[in-house]
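Numbered per my numbering, the sequence shown spans residues 88 to 444.
The C-beta atom is built at its ideal place from N, Cα and C for all residues, glycine as well.
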Amino acid sequence: MARKRETSVFSLSFLDIMSCGFGAVILVFIIINHGSETHSQELNVTLMAEVKKLEEEVRIGAENLVVLRNAMDETDGDIATAELTIEQLLEQIRQLQQQMLELLESDSSDEEIASLKAELLSIEEQVDDLQNSTAANNAGAAVRTVIGQGYRQYLTGIRVGGDRILILLDASTSMLHRSIVNAIRLGLMAPDEKIAAEKWQRAVRTVEWVSANVPPDADIQLVVFNGEPIPLSGWINATSETDTEAMLERLRNHIPEGGSSLVNAFEYVATLDLPPDNIFLITDGLPTQGKGEPRTPTISSSERVRLFRNAIGTLNDNVPVNVVLFPMEGDPMATPYYWILAQETAGSFLAPSRDWP
Numbered sequence: 088m089a090r091k092r093e094t095s096v097f098s099l100s101f102l103d104i105m106s107c108g109f110g111a112v113i114l115v116f117i118i119i120n121h122g123s124e125t126h127s128q129e130l131n132v133t134l135m136a137e138v139k140k141l142e143e144e145v146r147i148g149a150e151n152l153v154v155l156r157n158a159m160d161e162t163d164g165d166i167a168t169a170e171l172t173i174e175q176l177l178e179q180i181r182q183l184q185q186q187m188l189e190l191l192e193s194d195s196s197d198e199e200i201a202s203l204k205a206e207l208l209s210i211e212e213q214v215d216d217l218q219n220s221t222a223a224n225n226a227g228a229a230v231r232t233v234i235g236q237g238y239r240q241y242l243t244g245i246r247v248g249g250d251r252i253l254i255l256l257d258a259s260t261s262m263l264h265r266s267i268v269n270a271i272r273l274g275l276m277a278p279d280e281k282i283a284a285e286k287w288q289r290a291v292r293t294v295e296w297v298s299a300n301v302p303p304d305a306d307i308q309l310v311v312f313n314g315e316p317i318p319l320s321g322w323i324n325a326t327s328e329t330d331t332e333a334m335l336e337r338l339r340n341h342i343p344e345g346g347s348s349l350v351n352a353f354e355y356v357a358t359l360d361l362p363p364d365n366i367f368l369i370t371d372g373l374p375t376q377g378k379g380e381p382r383t384p385t386i387s388s389s390e391r392v393r394l395f396r397n398a399i400g401t402l403n404d405n406v407p408v409n410v411v412l413f414p415m416e417g418d419p420m421a422t423p424y425y426w427i428l429a430q431e432t433a434g435s436f437l438a439p440s441r442d443w444p
């Protein structure tokens, strides 16, 4: 009879344990792998969203760049057209000024001269408007902020540069008003009323504008003149608020009076130990006296031209003279002669509109 075979309990238990352990390892591996895949998928979704966001920003930026470039091209084209028109108008001004000089020398009728002068003023206003329209694209940073209405930076033709900038301001009686009669009337009033005169205040604001728009590393000096030059400051740095404000405060309290001697003002410039490399001349007409007091209370146009030419002879030819000419009746030769001065010295000429500065 065959012997019955016995089953080993130990062997079965060992196999069960091994099987369970192996199954557990596989299960853990599956769970971990699934978690990694899920995390990876979530991470990929996040990264893709970031990539798409950046791609959209790049696309929008590229579109905006194209728009800006097109706008810049259009603006550059407008500026070029305006500058060309300004050059054409300036050439017309030169021709009209030459005609006016010829008429004055030939003793032509007042009507012909008045007609030419009106045409000249009309063209100058067109130039001002064009300069104003291009200013927003050429404005620079100011040393100081000048508060007021209107756009002060439209003086694109004025060269506010140099290491030492001298401001020469005419402080004669004529700077009180554009008409002779009203200037004389205001000249007889109290000092406070003279200082408050509209034309004089425009001149003061012009000095403020110049001092605020010079290069930050430049030095400036302010000299007012009537019969004699009166320095209101030495050479001061444009960024010195204390010195600049003190200079402007002295100007605000200065009383315009007397005649105007350009030769004495220019001779003062020649005596400076540190000469200027840029001059701003703010005036309203040709000089009314020479080195000394005038012998008569009236002066002819030809005599004023002679005084002007004498004064120019004392100037250093290498220094640009930028002329800001305010209006004054009865002095038709002022515009052409000051314009010629600016051109011959490589400076600029401006007859500002009434709303500036």
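- Query: Contact between the region 371-388 and the region 410-419: three or more CB pairs below 8 angstroms?
  - Reply: With the rule of 3 Cβ pairs closer than 8 angstroms, the region 371-388 counts as touching the region 410-419.
- Message: Report the CB separation of Leu349 from Phe395 in whole angstroms; it is logged as a contact under 8 angstroms.
- Response: Here residue 349 refers to the residue found at position 262 of the sequence shown. Here residue 395 refers to the residue found at position 308 of the sequence shown. With a Cβ gap of about 6 angstroms, Leu349 and Phe395 count as contacting.
- Message: According to DSSP, simplified to helix, strand and coil, what is Ala395?
- Response: The count along the sequence shown starts at 1 and reaches residue 395 at position 308. In the sequence as displayed, the identity of residue 395 is Phe instead of Ala. Three-state result, Phe395: helix.
- Top-ranked residue by Cα proximity to Ile366, from Val392, Leu188, Asp404, Gln288: Against the sequence shown, residue 366 aligns to sequence position 279. Here the closest residue by C-alpha is Asp404.
- Message: Which of the three DSSP states is assigned to Asn351 in this structure?
- Response: Working through the sequence shown from its first residue, we reach residue 351 at position 264. Residue state, collapsed to three classes: helix.
- Task: Figure out for me which residue from Leu188, Gly345, Tyr424, Ala398 has the closest Cα to the Cα of Thr385.
- Result: Your numbering for residue 385 matches position 298 in the sequence shown. Answer by Cα proximity: Gly345.
- Item | Beta carbon of Asp250 nearer than 7 angstroms to that of Asp364 | The sequence position of residue 250 within the sequence shown is 163, counting from 1. The sequence position of residue 364 within the sequence shown is 277, counting from 1. Taking a C-beta distance under 7 angstroms as the contact criterion, Asp250 and Asp364 qualify as a contact pair.
- Through-space distance from Pro381 to Ala205, alpha-carbon basis: The sequence position of residue 205 within the sequence shown is 118, counting from 1. The sequence position of residue 381 within the sequence shown is 294, counting from 1. Rounded to whole angstroms, Ala205 to Pro381 spans 31 angstroms at the Cα level.
- Query: Which same chain residues, not among the five before or five after Leu319, have their C-beta less than 8 angstroms away from its C-beta?
  - Reply: What you label residue 319 is simply residue 232 of the sequence shown in a count that begins at 1. Excluding residues within five positions, the ones whose Cβ falls inside 8 angstroms are Leu309, Val310, Val311, Met334, Arg337, Leu338, His341.
- Task: Just the C-alpha distance for Asn324 and Glu189, rounded to the nearest angstrom, thanks.
- Result: Indexing the sequence shown from 1 puts residue 324 at position 237. Indexing the sequence shown from 1 puts residue 189 at position 102. Between Asn324 and Glu189, the C-alpha separation is close to 45 angstroms.
- With 16 other CB atoms within 10 Å as the buried threshold, where does Asn409 fall? Here residue 409 refers to the residue found at position 322 of the sequence shown. By the neighbour-count rule (16 or more Cβ atoms within 10 Å), Asn409 is buried.
- Can you tell me whether DSSP reads Asn300 as helix, strand or coil? Start at 1 with the first residue of the sequence shown, and residue 300 comes out as number 213. Looking at Asn300 - three-state DSSP - the assignment turns out to be helix.
- Step through the CB atoms of chain D and report whether any lies within less than 7 angstroms of the CB of Thr329. Protein chain content of the structure displayed is limited to a single chain, and chain D is not contained in it.
- May I have the straight-line CA-CA distance separating Trp426 from Pro302, to the nearest angstrom? On the sequence shown, position 339 is the one that residue 426 refers to. On the sequence shown, position 215 is the one that residue 302 refers to. When rounded, the separation of the alpha-carbon atoms in Trp426 and Pro302 is 25 angstroms.
- Task: Measure the C-alpha to C-alpha separation of Ser202 and Arg181 and round it to an integer number of angstroms.
- Result: Reading the sequence shown from its first residue, position 115 is the one you call residue 202. Reading the sequence shown from its first residue, position 94 is the one you call residue 181. Approximately 16 angstroms, taken between the alpha carbons.
- With Pro318 as the anchor, note down where its beta strand (DSSP E) starts and where it stops. For the purposes of this step, residue 318 is taken as the residue at position 231 of the sequence shown. Per DSSP, Pro318 belongs to the beta strand (DSSP E) from 316-318.
- Task: Please work out which residues of its chain come closer than 6 angstroms, Cβ to Cβ, to Ala270, disregarding the five sequence neighbours upstream and downstream, and give them in chain order.
- Result: Here residue 270 corresponds to residue number 183 of the sequence shown, with the count starting at 1. So the qualifying residues of the chain are Thr260, Ser261, Leu263, His264.
- Item | Glu354 beta carbon less than 7 angstroms from that of Thr401 | Within the sequence shown, numbered from 1, the residue matching residue 401 stands at position 314. Within the sequence shown, numbered from 1, the residue matching residue 354 stands at position 267. Using a Cβ distance threshold of 7 angstroms, Thr401 and Glu354 count as a contacting pair.
- Message: Rounded to the nearest angstrom, what separates Glu315 and Ile267 at their Cα positions?
- Response: As a working note, residue 315 is residue 228 in the sequence shown. As a working note, residue 267 is residue 180 in the sequence shown. Taking the straight line from one Cα to the other gives about 21 angstroms.
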